[in-house]
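Counting from 1, position 136 in the sequence shown corresponds to residue 652 in our numbering; the numbering is continuous, with no gaps. Ideal Cβ placement from N, Cα and C applies to all residues, glycine included. All of these numbers come straight from a predicted model, not from anything done at the bench. Report on the structure given below.
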Amino acid sequence: MNLDKQQKHLINIHNILEVAERIIIKNEQELVVSDLAQQVDLAKGTVYKYIKSKNQLYLEILIQNEKRLLAITMQHDGNMHNYLSKYMKYHLENSLRTIKFHHLEEKTTNKERNLNTLFQELYVIREKRILAIRSLAVTHLKLRNSALSVSDYFSYIWSITYGAALLISSNRCKQSGLDKEKLINFYIDQVMNI
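Okay, structure coming up:
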C-alpha cells in the first residue's frame with residue numbers, strides 16, 4: 517500500500533470511528549451502517565471494507581475511548597484529587613457517552629466470540645491504565661487509613677462514577693435544575709474521602 521493509499525485508509529477509519537461514536541451517543545436506537553456510510557460519504561460496502569462487523573466497530577470505539585482514559589491517567593501529577601477530577605469529569609461531563617459505552621461493552625462482551633484480538637487490546641490498555649495509577653491509589657488509601665483494597669477502591673470509583681452519570685443524564689436531574697458542576701464535584705469528593 518503506497519503512502520497516499522495508506523493515509524487515505526487511516527483517514528477513512530478515523531472518520532468512520534469518529535462519526536460512529538457521535539451517532540452512538542446521540543441516537544436512542546442501534547447504529548445503522550447505511551446511516552453511518554451516508555454521513556462519512558462512503559458506500560455501505562466500502563465501510564465494511566474498513567470495518568468487518570458492527571461489533572468490530574463497537575470494540576474499536578471502546579478501544580479509542582480506553583486510550584483517551586489511559587492518556588488522562590498517564591498525565592497524573594501524583595495528586596489523587598487531580599487525577600480523580602480529570603477521570604470523573606471525563607466521564608461525567610459527557611455522561612451519556614459513559615452510559616452508552618458501558619452498555620455497548622456489556623452487549624458486545626455477551627454477544628461476540630470472534631474478536632478476541634480486539635478484546636485483548638481493550639483489556640491490555642485498561643490494565644496499563646490501572647497499573648499506572650495503582651501506586652497513587654495505594655498511597656491515598658494508606659493516608660486515609662482505609663481498609664479497602666486497591667481493586668475494591670477502583671470498583672468503588674467506577675460505581676460512583678457510573679451512578680453519577682446515570683443521575684446526571686436522567687430527565688429528573690435535568691428538569692430539577694441541579695448545578696451539574698457542583699454535583700460532579702460532590703461525587704469527586706465522595707470518592708476522595710473514602
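Burial state of V548 (16 or more Cβ within 10 Å): V548 is exposed by the Cβ-count criterion.
Ignoring anything shorter than 4 residues or poking outside the region 654-679, list the alpha helix (DSSP H) runs there in chain order. The region 654-679 contains no whole alpha helix (DSSP H) run of 4 or more residues.
Residue burial classification, N661 (beta-carbon count within 10 angstroms, cutoff 16): Note on N661: under 16 other CB atoms within 10 angstroms of its CB, so exposed under the neighbour-count rule.
Span separating the alpha-carbon of V707 from that of Y672: Cα-Cα distance, rounded: 8 Å.
Extract the residue ranges of the alpha helix (DSSP H) inside the region 587-654, only unbroken runs of 4 or more that lie entirely within it. Entirely contained in the region 587-654, the alpha helix (DSSP H) runs reaching 4 residues are, in chain order, 596-608 and 611-627.
Give me the Cα-Cα distance between Y599 and A536, rounded to the nearest whole angstrom. Taking the Cα positions, Y599 is about 29 Å away from A536.
Check whether the Cβ atoms of N528 and Y564 lie closer than 8 Å to each other. Not a contact, by the Cβ cut-off of 8 Å.
Is the Cβ-Cβ distance between A681 and T614 less than 8 Å? Yes, the pair counts as a contact, with Cβ atoms nearer than the cut-off.
What three-state label does DSSP hand G561 in the structure shown? Here G561 sits in helix by DSSP.
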